[in-house]
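Residue numbers (my numbering): 516 to 1142.
Every residue gets a Cβ at the ideal spot worked out from N, C-alpha and C, and that includes glycine.
Okay, structure first, notes after.
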Amino acid sequence: MKKETIISLIITLVVGLVTFYIFLPPINLHSLGFLTYLLFLLIVFTICNSLGSIVSRRKFKDIMFATKYLVIGCIIIFAYIFIGNIVCSPIFMSKSYSERITINQDNDFVTDVKEVDFNKLPLLDKDSTEKLGDRVMGRMPEMVSQYYVSDYYTQINYDGKIVRVTPLEYNGFFKWIKNKSKGIVGYITVNSVDGSSELVELKSGIKYSNSAYFSKYLKRHLRFNYPTFIFGDENFELDNDGNPYWIVPVIKYTAVGLKRDVKGVVIVNPINGNTKYYSVGEVPSWVDHVYDADLIIEQADDWGMYQKGFLNTIFSQTGVVMTTDGYNYLVQDDDVYLYTGITSVSSDESNIGFILTNMRTKETNFYQVPGAEEYSAMASAEGQVQQMKYTSTFPLLINLNNRPTYLVSLKDNAGLVKMYGFVDVEDYQKVVVTDASLGIEKAKENYLNNMPSTSTGKEENKVITIENITSVVIDFSLFTIGSKFFGKKFLLYSILSTITFSSTYKIWEKIGFLVPSFTNNMLIASILAGIGVGVGVGLVVRGGGASGGDDVIALLGNKLLKLKVNHVYLATDAIVLLMSLVYLDIKQVFFSIIAVTISGKIISIIYKDDEDNKDNIEEIDDEIIYE
516 MKKETIISLI ITLVVGLVTF YIFLPPINLH SLGFLTYLLF LLIVFTICNS
566 LGSIVSRRKF KDIMFATKYL VIGCIIIFAY IFIGNIVCSP IFMSKSYSER
616 ITINQDNDFV TDVKEVDFNK LPLLDKDSTE KLGDRVMGRM PEMVSQYYVS
666 DYYTQINYDG KIVRVTPLEY NGFFKWIKNK SKGIVGYITV NSVDGSSELV
716 ELKSGIKYSN SAYFSKYLKR HLRFNYPTFI FGDENFELDN DGNPYWIVPV
766 IKYTAVGLKR DVKGVVIVNP INGNTKYYSV GEVPSWVDHV YDADLIIEQA
816 DDWGMYQKGF LNTIFSQTGV VMTTDGYNYL VQDDDVYLYT GITSVSSDES
866 NIGFILTNMR TKETNFYQVP GAEEYSAMAS AEGQVQQMKY TSTFPLLINL
916 NNRPTYLVSL KDNAGLVKMY GFVDVEDYQK VVVTDASLGI EKAKENYLNN
966 MPSTSTGKEE NKVITIENIT SVVIDFSLFT IGSKFFGKKF LLYSILSTIT
1016 FSSTYKIWEK IGFLVPSFTN NMLIASILAG IGVGVGVGLV VRGGGASGGD
1066 DVIALLGNKL LKLKVNHVYL ATDAIVLLMS LVYLDIKQVF FSIIAVTISG
1116 KIISIIYKDD EDNKDNIEEI DDEIIYE
């Protein structure tokens, strides 16, 4: 083995150990993080070996020695991800996707869901809870400089009360240095019913947390104890004696990042660092959160989509249902349950029922209760006091007089609860709101005594239909204008492109990601999006068509005004993005600008640069002939 190869291996090993300590990837082939880590090490080895060969004045084949292993490694890794994720996708494994969660359907709402007890009903949402927690810290100025309140606020059933609990965190590296010997002094609890809050001080402080450093950093402590485990997001909970613990789900995947599920939890004592692994069937009863809400929603959607196979989700869509956009928590029989509505894929702002899922056991029941979709109910409650501009919390589903009813809180701009609203599930036009200062019982009484008459919600459905038609009309009009300048073939290709895009988009939307999602890394996502859109649209316009109305505008700007295609795209997209600031934050707009800039440039290259190159080649040929 050559000297530079040995040195390169040593450097790669050192870099690998340092990066492992910093980024903590699981040593698991089902983890994208681990595969990325392997690819990174291959790149480091290749660079070091190539530089060493150059310094040693080796032959070209020696310099390229490591490069071939990099290429082979990349091919193996990407083939493993792509082929594995294709084979394990819902296209071929729809049945197993639908069976990830068992949903019991033979249930009765009145029998299973107890009549509401307002003394055990979480009236405060997480946002309101956070404000109350901050007030607790505000009363303790000596602690504010050293610690801050974490945003966990895990909803649990503790000592017969519904509370949200969250730890304090070190307020930076130097505050950790100062306080690491005694640890974090305690945690905050907020009663979700009456809003009472307190700081619970611990005799021995919390040493292991995500605001600690080095070996006391929670994720590093977990990785070194369980190097092969893939961990989910941890929860902060209390046992029956009020002792704090970290509850960390252990995730299992099929292929790379597909068919996510929980196989167990690691319970960490944050004071002394002791850990213990429990499989899902062995978790102590005081633990309330084994499964996270996003996982339950994902599995419930797969159950609703793929019960009758993958092709059914695309064509006939017989019996295809999905969860509504949002969820809330209920507490029953000392357990925390997730609530979310179930609607058909051809949603008309109504639910066909809802599910309740035990967050510790994943036991799930479906209740067939046709009625209003949650956001329709929220809008109906807000509409009762629209002059106040209050915003509604996501509804709590309750059993009120043996009838499913939504309960919402209406908050002002400061996040303070000002009113309670009761909305009938089966008819969201039956709504009564009451000043919160009068109490929840008075709000209940007003609702039962003063429900207004019903009306249909057909007007809103018409708006949606008109919006969809408008989009089609605008695109087709621009295609027609484009055909006047580029010919009838342009119109045919554009229509074909649009239909093909819509069909394939729908298919991939059903399948989901075949490669890992980059939603947690917006920079990479925006770059890849720009490249994908640029190549796709570029090929369409190069072939003589358009994929949408904005393509026509860009092509006309290029033809009539001699503007570069990417400049027109950037101008039109900039206008759209500026208008989007009404409902998007500046961060989303920033990454969108990156995506559209890249896509516009690629489209311009594919559409025009080859013609420029052709002209250049012809000029060169003429010069050669002339010589």
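Checklist line | 4 or more residues per run - each alpha helix (DSSP H) lying fully within the region 548-628 | finding: Fully enclosed alpha helix (DSSP H) runs of 4 or longer: 575-578, 580-602, 605-613 and 624-627.
Check: Since W761 sits in a beta bridge, which residues does DSSP pair it with?
Finding: DSSP, once it has assigned bridges, lists F751 and V783 as partnering W761.
Next item on the list: Go ahead and pull the three-state DSSP assignment for I542.
Entry: Of the three classes helix, strand and coil, the one that applies to I542 here is coil, per DSSP.
Check: So D840 packs on Y882, CB below 8 Å; how close in whole Å?
Finding: The pair is not a contact, with the Cβ atoms about 19 Å apart (cut-off 8 Å).
Notebook entry, point to check: Taking Cβ positions only, does Y768 come closer than 8 Å to chain C?
Noted result: Structure shown: chain C not included; a single protein chain is present.
Checklist line | Under the three-state DSSP convention, the category R679 falls into | finding: Note: R679 maps to strand in three-state DSSP.
Checklist line | Within 8 Å, strictly: CB atoms of S907 and G936 | finding: A Cβ-Cβ contact shorter than 8 Å links S907 with G936.
Margin query: F909 and I866 - do their beta-carbons sit closer together than 8 Å?
Written below: Here residue 866 turns out to be Asn, not Ile, going by the sequence shown. Remark: C-beta atoms of N866 and F909 do not approach each other more closely than 8 Å.
Notebook entry, point to check: Touching or not, the region 849-864 and the region 770-786, by the rule of three or more beta carbon pairs under 8 Å?
Noted result: With the rule of 3 Cβ pairs closer than 8 Å, the region 849-864 does not count as touching the region 770-786.
Next item on the list: Could you check what DSSP says for S696 in three-state terms: helix, strand or coil?
Entry: Here S696 sits in coil by DSSP.
Check: Is it right to say L528 is buried, meaning 16 or more other beta carbons lie within 10 angstroms of its own, or is it exposed?
Finding: Classification for L528: exposed.
Item checked: Where the beta strand (DSSP E) containing T858 begins and where it ends -> Where T858 is concerned, the enclosing beta strand (DSSP E) starts and stops at D850 to S859.
Next item on the list: Evaluate contact between the region 1104-1120 and the region 1042-1055, counting only Cβ atoms and requiring at least three cross-stretch pairs below 8 Å.
Entry: Enough Cβ pairs lie closer than 8 Å, so yes.
Margin query: Quick check for students: name the residue ranges of the beta strand (DSSP E) that lie wholly in the region 786-826, counting only runs of 3 or more.
Written below: Qualifying beta strand (DSSP E) stretches, in chain order: 790-794.
Note to self: Do N622 and Q661 have their beta-carbon atoms positioned less than 8 Å apart in this structure?
What the structure shows: No.
Margin query: Taking DSSP's pairing of strands, which residues face S711 in a bridge?
Written below: None; S711 has no bridge partner.
Note to self: In whole angstroms, give me the CA-to-CA distance for L871 and D816.
What the structure shows: Approximately 14 Å, taken between the alpha carbons.
Next item on the list: With DSSP as the reference, label F830 as helix, strand or coil.
Entry: Residue state, collapsed to three classes: coil.
Notebook entry, point to check: Residue ranges of each beta strand (DSSP E) run of no fewer than 3 residues wholly in the region 857-924, ordered along the chain?
Noted result: With a minimum length of 3 residues, the continuous beta strand (DSSP E) runs that stay inside the region 857-924 are 868-873, 879-882 and 911-914.
Check: Excluding sequence positions up to five away, which residues of its chain have a Cβ less than 6 Å from the Cβ of A1044?
Finding: Same-chain partners within the cutoff: A1110.
Note to self: Could you tell me the alpha carbon to alpha carbon distance between E657 and S711, rounded to whole angstroms?
What the structure shows: Cα atoms of E657 and S711: separation of roughly 22 Å, rounded to the nearest angstrom.
Next item on the list: Could you please give me the residues that DSSP links to I766 through a beta bridge?
Entry: Paired residues: I745 and V777.
Notebook entry, point to check: Hey, how far is the Cα of D627 from the Cα of T644?
Noted result: Per the coordinates, the alpha-carbon of D627 lies some 29 Å from the alpha-carbon of T644.
Item checked: Buried or exposed by the 16-neighbour rule on C-beta atoms within 10 Å, applied to R654 -> Only exposed fits R654, as fewer than 16 other CB atoms lie within 10 angstroms of its CB.
Item checked: Supposed contact pair F994 and I1010 - C-beta distance, whole angstroms, cut 8 Å -> About 7 Å; that satisfies the 8 Å criterion.
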